[in-house]
Structure formats: C-alpha cells, structure tokens
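Numbering (this note's numbering), first residue to last: -7 to 601.
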C-alpha cells in the first residue's frame, strides 16, 4: 500500500484531477444504476401493462430515490393514459437511451481525466529516474549491473504503467459502481442483500491468496528480465570480441539459460494472473445461484416482497455488482506485479549518493594557487587500500605527471579531484579549500577532463563539442576543433559539423574520437586539465596528432597527466611514480632517469631513454 500511495503521489497536486473525476464518475454511476432500474417499468409495460395505475399525482420534490421513482411513474401514467401502451413503451425506451448516453459520456470524460493523470505520473517518474541516475556518483554504476538499471528504466516503468497507472480507474470508479448497485439492492430487498454480502469474505480470501503468490512470482520475473537485458547489452557492446573468439555458441547458451528461466517464471506468474478473473467469476456465479435459490424460497413463502419485473431488476443489479468486483480482482492481481516493478524503481530513486555537499558550500570563483593531495588514503572496499598516504602538489601553470605500473591507482587519483569518489582520510585542497567544503558545480567548472576512452554521444559533431555548454557560437566550436587538430577531418565528413557520429562515436576512428573529446575540453577553456592516459589506446600517427592537440591545450594551463606512454610526459615539470598505491619516486625526467629506479626501468621497457 505504501508503494502504491507513493506512485500515486506523482500526480500531485491532486486537485487537477480528482474533483472533476469524482463528480463525473458519480454521475456515470447514478445514470448507470438508473439505466438498469428502468428495466422494471420496461417489463411492466411489455407484460403487465394492466397493472399500471390509471391515476398518479405529481410528487413533492425531495432529494431521494423515491421521489425520482414517483416522478417517473407519474409521467409514465400520463403518457399511457393520453397516448396508449405503445407510446408508454417508447417513453421508457427514450429514457433508457438518454440515461445510457449520459452515463457513458460522463464515463468517457472521467476516463479522459485519468488518462491525463496516468501520463503525468509516468512523465514524472521517468524524469525523477533520469535526474537521479545522472546525479548518482560513479561508484554506484560499478556496483550495479547495467542490465538491471536499463531493465528498470524500460520494462519496470512499462509494468508500472500497465499494472498500476492503468488500474486507477478500476480502483476508483468500480467501487463507486459497487456502492451504487449495492444501494439499489438494499433499497429493493435488504434481507436478501444482507445474506448475499455474508458470502463475500470467502471470495476475498481466495483472491488475496492468489495475489500474494503473484507478487512473489513478479519479483523473480523482473529480476530475470534484468539479466536478459544485461545479456543483450553485453552482446551489443562486445560483438567484436564475440566474433573474434568465435563465442556465439557460448553466449547463446548462456542467454538461453536465463531466457528459459524467465519463460518458466513468466508462465507460472501469468497463469496465476489469468486465474484471478475466471475464479472470481465462478465464485460470483456460485453466490448468484445461492441468491436465486434463497430468493425463490422467499418468494414461495411470500416473504420476498418483489414482483417478477422487480426481481429481474434485482438480479440485473446483482450481476452489475459482480462485474466491477471481478474487474477489481483482476486489477489487484495486475497491481501486485506493478508494485514489484515500482519497488525496483524506488530502489534506484532511494539510492543514497555518498558524495554530499556541505550544508553551506563554498563557491570557487577561479583557480589561483594549487591542487594539493594531503596524506590522502582511499579504497573501494575495506579489503584493499588503493591509495596510501599520498602527498602531491600541482602548482598553478605547471604540468605534473603520474606514471607507474597498471593497477597502481593512477586513474583513481584523477577521479578523486572532481569528487567522483570521496577519500577515506586526508584532504584534497584547491587553493587551500577542502573540496568537500566546496560546491560540486563550482569545483567541476574549473576542470577539463580527457580520458583514455573518449566518451561521445549519439549526436552531431557540433553538439558533442559544445556538450554541456550554453551560448556557444559556431566560430568558437570551429576554433576549438582547429586547436584539437579535428577541423580538417570534420570538414571531410558528409555533413561536416552536422554529421551524426553514431553511438559512442562509432563512425569515427579512435584518434578522431579523442580529438573531438579534446576539442570539447578546449571549448570549455578550463584552468585545470586532467588527462587520464589520453593517448595510450592510439596508433603512432593518431598519437602524434592527439599529442600535438594536447600540447596546445595544456599551454598556460595547470595539468595533471596520467600517462602510460612515457614519451608524452618527458617535458613535465614534475613526474611522480606511483606503485602499489604509494608514490615511490618524484622528480623531472632527467632526475628520475639518473636515479635508475622504477621510472628508469619503465623507460627501458618502452625503449625510451
């Protein structure tokens, strides 16, 4: 119930929907009841016209069902007396048509309101999901399977819409129908209706048991769907490796295991779901048979108090109670599945971001002095420390490099400066300010980041260069591309800067993607650059072009360079050698070569001295 109310809260403020919906629904129910109640005079005119009184008196107005019944009876008598039985029948049929028209029009208008509410809810859920995902720290996506996240965004949102949002009309309108027709039943025969209601708890217990089992099945099914999406995502992103290792059979078999398990789980769940409606109908018919038997017994003993047309109307009312009751049972089963998906969505929405701003964060207006690592320790998990007591200063205007064997913690150092992760102990200072005391937006605004894997988007070249920046002119984009040595190859593309580069820049070579990423950093024009192995994945020619672009980019800027190819940092003002999470050597290129330590050994391995 808590999850359902939370989903419903996405429709706030409710006053846009509920007042109009409730008024229209009440009118729809009233005229729906009237429509069935008119079967009594219709049958009376057809088969017992001689029982219609020859005289009737205009009733005094009163807000009650009896007044409207007497008013209708008055006009029916007038029509029969002045025009005959056939016109009385026509009069009843016209009233039935009008009541049906009003009932269905108000029902349609109320449904239109609910359509607006459902689409509004889904829009708000998707917005909150996207905003939450874009605000979560990088570490969250290292601990969660991408397939589970994508499954929640796609199938879980759809399941919430189908199972919960689309059931709102059942949960809010059908109870009104039940109340309306039950009121008619009590009005006609309280004794018979009371006996009928005593059988309902038995039906509710059976339907509730099915729904609980359905919820357990939905949890398993949605979890398996997340694994299926993971298989697809891995197959798409890793298609080259799959082909290269001739691993189609292997990945197909792995997928089929998950697919088969999902099929079995879905079959069991859908079987239970489909059981809810026919079972509720069977139970309803069984109760109806009991009502007929008891009503017949009362009639035989002269205690029913209803003539034949009225008894037919009573049975019609009872069937109209069964229809919404069956719809509610079916909707409840569907809602159970939707709530499971809703809880998976709330797992994302409620995920705590460990990167928190101070209550009153400082706004960094610029970069004036240095970036300093002060006795910094960091670990992704308690079992292994990645960085241990790091002390490092990057003065303004200087190029400081960090090199060392793979797995030593170099990229982690780069990720700590923009607070992709928070350190365990120590402090990282920007101009003497602890970055944990600074606003994230002002901190990141000082930095331009170029990584080994150029992160590009399925958009045009122009939009990828101008990504995240406002009020950028075309001349500025072109100037940035020229500095990044990207302008020439962009002009050779089919539509120049308006060319779409495909998913993750798949239409470009590695060197071209990297130069687009550099152009983006150039356009941002940040005072601090963080280059994380920006050339390590490139061939010699691409590396030359990219390194030339990086040299232009780093001119007159403060730079922290994480390097794998040592040829790219030989002119650095200071080189720090990181090994097993600790800085083991420090100096410029010549000083470190002369020491004959780790750096000198790495240079020899790369045949660079």
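Glycine included, every Cβ here is placed at the ideal spot set by N, Cα and C. These numbers were taken from a predicted model, which means no experiment stands behind them.
- The segment 420 to 503 is shown to contain whole beta strand (DSSP E) runs of 3 or more residues at 439 to 443, in chain order.
- Under the Cβ criterion (8 Å, minimum of three pairs), the segment 544 to 556 counts as touching the segment 510 to 529.
- With a cut-off of 8 Å on Cβ pairs, the segment 504 to 517 is not in contact with the segment 364 to 381, counting fewer than three such pairs.
- With respect to residue 390, residue 396 sits apart: the two C-beta atoms are not nearer than 8 Å.
- Residue burial is scored here from C-beta neighbours: residue 556 has at least 16 other C-beta atoms within 10 angstroms and is therefore classed as buried.
- Remark: C-beta atoms of residue 497 and residue 541 do not approach each other more closely than 8 Å.
- Buried is the label assigned to residue 170, since at least 16 other Cβ atoms lie within 10 Å of its Cβ.
- Here the alpha carbon of residue 277 sits roughly 16 Å from the alpha carbon of residue 304.
- Looking at the backbone, the Cα of residue 474 and that of residue 589 are separated by about 40 Å.
- Sixteen is the threshold: since fewer than 16 other Cβ atoms of the shown chains lie within 10 Å of the Cβ of residue 118, the residue is exposed.
- Pairing residue 346 with residue 414 gives a Cβ-Cβ distance under 8 Å.
- Straight-line measurement puts the Cα of residue 81 at about 12 Å from the Cα of residue 70.
- Looking at 421, 427, 408, 464, the one whose alpha-carbon comes closest to that of residue 441 is 408.
- If you ignore the 5 residues before and after residue 454, its C-beta comes within less than 7 Å of the C-beta of 469, 489, 490, all in its own chain and listed in chain order.
- The beta carbon of residue 572 sits closer than 7 Å to the beta carbons of 400 from its chain, once the five residues preceding and following it are set aside; these are given in chain order.
- Residue 120 sits in a helix when the DSSP states are folded into three classes.
- In this structure, residue 113 sits near residue -1, with a CB-CB distance shorter than 8 Å.
- Taking residue 26 as the centre and dropping the five residues before and after it, the same chain places the C-beta of 91 closer than 7 Å to its C-beta, in chain order.
- Counting along the chain, residue 156 sits inside no beta strand (DSSP E), nor does DSSP assign it H or E at all.
- Scanning 516, 365, 102, 225 for the CA closest to the CA of residue 458 turns up 516.
- For residue 124, the CB contacts under 8 Å within the same chain, skipping 5 residues up- and downstream, are 340, 341, 343 in chain order.
- In this structure, DSSP gives residue 549 a state outside helix and strand, which the three-state scheme calls coil.
- Around the beta carbon of residue 13, 16 or more other beta carbons sit within 10 angstroms, so the residue counts as buried.
- With fewer than 16 neighbouring CB atoms inside 10 Å of its own CB, residue 288 falls in the exposed class.
- Rounded to the nearest whole angstrom, the C-alpha separation of residue 369 and residue 363 is 16 Å.
- Under the three-state reduction of DSSP output, residue 365 falls in the strand class.
- DSSP places residue 405 inside the alpha helix (DSSP H), whose first and last residues are 402 to 408.
- With a threshold of 16 other beta carbon atoms within 10 Å, residue 398 falls short and is exposed.
- Between residue 216 and residue 253, the C-beta spacing is below 8 Å.
- Boundaries around residue 590 are those of the alpha helix (DSSP H), 590 to 597, since no beta strand (DSSP E) includes it.
- With a beta-carbon spacing of about 5 Å, residue 567 and residue 393 fall inside the 8 Å limit used to define contacts.
- With a 10 Å radius around the Cβ and a threshold of 16 neighbouring Cβ atoms, residue 270 comes out exposed.
- Residue 115 sits in a helix when the DSSP states are folded into three classes.
- DSSP links residue 399 through a beta bridge to no other residue.
- Annotated three-state conformation of residue 50 is coil, per DSSP.
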